[in-house]
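> The structure follows.
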Amino acid sequence: MLVTDKRTEWEIPHEPGQHMTFRPLSGSELDEAERAATKRILDMAQGLDLSKLSTTQDVSDRDTRRTKYDADILIKYGVVDWSYQAECDETTKRDLDARTRDWARDIILDMNVRLEGEVGNSSASSPEGAFPPSSRKRTTSASGA
0 MLVTDKRTEW
10 EIPHEPGQHM
20 TFRPLSGSEL
30 DEAERAATKR
40 ILDMAQGLDL
50 SKLSTTQDVS
60 DRDTRRTKYD
70 ADILIKYGVV
80 DWSYQAECDE
90 TTKRDLDART
100 RDWARDIILD
110 MNVRLEGEVG
120 NSSASSPEGA
130 FPPSSRKRTT
140 SASGA
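Position 67, counted from 1, in the sequence shown is what numbering that gives the first Met the number 0 calls 66; the numbers after and before it change by one each time, with no gaps.
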């Protein structure tokens with residue numbers, strides 16, 4: 000599937016009347032987000048005595064998925080429009096507050112990356128119940144039909 004073929008509009012649940020439009024990411028865009036997250040983790044670990052770190056952590060698959068991909072890069076490619084007055088460009092996407100950024104990151108991840116144990120197409124939109132009822136979506140084609 001070409002990623003330009005599908006758009007999904009989601010109402011922002013914590014901002015009544017506001018919405019964002021998302022598209023699936025290409026394989027190379029997901030790879031870029033994964034490389035950036037890996038680099039950030041390696042940069043943070045530089046100089047640490049890794050032998051003193053605990054290897055037993057209770058981390059969910061969803062949390063692991065969140066740290067595996069760089070949120071800014073996911074949003075850079077995945078958010079294609081919004082209802083805010085400001086233009087939806089790379090600079091203003093980086094100005095999103097943390098709550099909205101994290102919500103948008105999770106939408107993009109659910110559109111593109113399966114959790115372990117999930118079945119079906121990894122590019123399918125989010126399963127029912129994945130977001131609060133106030134987080135409604137509308138799927139359109141790239142032409143807006």
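From the three backbone atoms N, C-alpha and C, an ideal C-beta is built for every residue, glycine too.
If I follow the unbroken alpha helix (DSSP H) through residue 14, where does it start and stop?
First-last for residue 14: undefined, no H or E at that position.
> Could you name the residues that DSSP lists as bridge partners for residue 80?
20
> Rounded to the nearest angstrom, what separates residue 9 and residue 103 at their Cα positions?
9 Å
> Terminal residues of the continuous alpha helix (DSSP H) containing residue 98?
97-111
> Hey, quick one: how far does the alpha helix (DSSP H) through residue 89 stretch, first residue to last?
89-92
> Quick one: what's got a C-beta closer than 8 Å to residue 17's C-beta in the same chain, skipping five residues either side?
10, 11, 81, 82 and 83
> Classify residue 40: buried if its beta carbon has 16 or more other beta carbons within 10 angstroms, exposed otherwise.
Per the 10 Å Cβ criterion, exposed.
> Which same chain residues end up closer than 6 Å to residue 87 when comparing Cβ atoms and leaving out the 5 residues on each side of it in sequence?
The answer, listed in chain order, is 80 and 81.
> Let me check one thing: in DSSP terms, what residues is residue 75 bridge-paired to?
Paired residue(s): none; residue 75 is not in a bridge.
> Which residues in the same chain as residue 85 place their Cβ atom closer than 7 Å to its Cβ, once the five residues preceding and following it in sequence are excluded?
91
> Taking only three categories from DSSP, how would you classify residue 86?
coil
> Taking the alpha-carbon positions, what's the residue 68 to residue 95 distance?
Our two residues, residue 68 and residue 95, have alpha carbons roughly 17 Å apart in a direct line.
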